[in-house]
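Sequential numbering from 31 applies to the sequence shown in the numbering used here.
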Amino acid sequence: MELGLYSFAENTPDPLNGNALQSPAERLRDLIEEIELADQLGLAFYGLGEHHRPDYVASAPTTILAAAAARTKSIRLSTAVTVLSSEDPVRVYQQFATLDLISNGRAEIMAGRGSFIESFPLFGYKLDDYDDLFEEKLEMLLAIRKGGKIAWPGSQHTQPIPGLEIYPKPVQDPLPLWIAVGGTPNSVARAAYHGLPLMIAIIGGRPRQFVPLVELYRQTGAKVGHAASMLKLGVSGHGFIAEDSQAARDIAFPAHSAAMSRIGAERGWPPSTRAQFDAGATPEGAYYMGSPQEVIDKILMQHEWFGHDRFGLQLSVGTLPHDKVMKSIELYGTVVKPAIDKALGTTSPSV
């Protein structure tokens, strides 16, 4: 199994440092250091989410990943996610092909519809077209990804391409493309229909409830004739690792609660509580908050349920002190990863 990290490049008041707020430049410097450490420890991938909000600094994630590419050697560099619905597929392909060249073949696209909606009015799209936008733009991106001269007829939400080549050409052929979902069956079936790897974000509730979605993905892919080797599966979730479970949860909770309560207020959810947080950190819960052994046990238990190929840990949800995040990455790479590799007989190969 591949183990990696992902981040939304949050930049919010740090409750463990007197609610201090970094400048965007300081936050990005810390982020690059975190990616560098993940690379040095042999983690397989790093994903960076696209957001257009004041509490995140990754509105242009490929630019940040390109900076990270110049300072890393082997870690794969992905978005988590690219909001394809409000993007131009031509520019998405060109940006990632360029990142692939800079990184010598380590770029990946992770496309999704997005759980935040700020990009839609920003780029002139209607939320009423939420699903149609993604479907049409995904079809266009897949056509571009095949290479050669692109004769795209256009659609309601995409422009025609009259038999033109798209440049530059990436190192990888084809450029890896994952579909990220939050649990919508139609999105899962879409990924399976196209034979694309699937990343399921599990950020609450009981992860075991996602087993039927995994079965839907594999069964649908098989029905349309895709080999099982094409149907790679990833699982991701919130987490934080410290030497012992109590320390991990005490460090992570204040920032996590502030972030989830802020988002919850926008969506009509009640404020996040410590009891909910601690329940999420139990073995059957969605959070990977605890000691290295607790995180190892949860990853392996979920692997028995899902049989997934990739696991992504989100560090962090809300701003935490940089030194504590770096320590968490260190424990992930030096304790959790070797234990998972040994238990599953893997060496975290690249996809």
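Glycine included, C-beta positions come from ideal geometry on N, C-alpha and C. All of these numbers come straight from a predicted model, not from anything done at the bench.
- A straight-line Cα-Cα distance of about 45 Å links S275 and G255.
- No residue range can be given for G363, since it is assigned to no beta strand (DSSP E) and is classified by DSSP as neither H nor E.
- Secondary structure in the stretch 79–122: the beta strand (DSSP E) runs of 3 residues or longer, each lying completely within the stretch, are 106–109 in chain order.
- Annotation: the continuous alpha helix (DSSP H) that includes S275 extends over S275 to R297.
- Following the DSSP letters along the chain, one finds E56 inside the alpha helix (DSSP H) bounded by residues P54 to Q70.
- Per the Cβ contact rule, the stretch 241–254 is in contact with the stretch 212–228 (3 or more Cβ pairs under 8 Å).
- Nearest in C-alpha terms to P84, of all of P45, T364, P206 and E40, is E40.
- Nearest to L228 by C-alpha distance, out of D353, R136, H338 and P351, is H338.
- Looking at the DSSP output, A181 bridges to P192.
- Two segments are said to touch when three or more pairs of C-beta atoms, one from each, lie closer than 8 Å; by this definition the stretch 144–151 does not touch the stretch 173–192.
- The three-state secondary structure of A311, taken from DSSP, is coil.
- For F164, same chain residues with a beta-carbon under 7 Å away, outside a window of 5 residues either side, are L114, S115 and R143 in chain order.
- Pairwise C-beta distances place the stretch 152–171 out of contact with the stretch 126–135, as fewer than three of them are shorter than 8 Å.
- In the three-state reduction of the DSSP assignment, D203 falls in the coil class, being assigned neither a helical nor a strand state.
- Residue burial annotation: K199 is exposed, with fewer than 16 other C-beta atoms found within 10 angstroms of its C-beta.
- Annotation for A231: no alpha helix (DSSP H) segment contains it, though the beta strand (DSSP E) segment containing it runs L228 to A231.
- If you draw a straight line from the Cα of G264 to the Cα of P151, it comes to about 30 Å.
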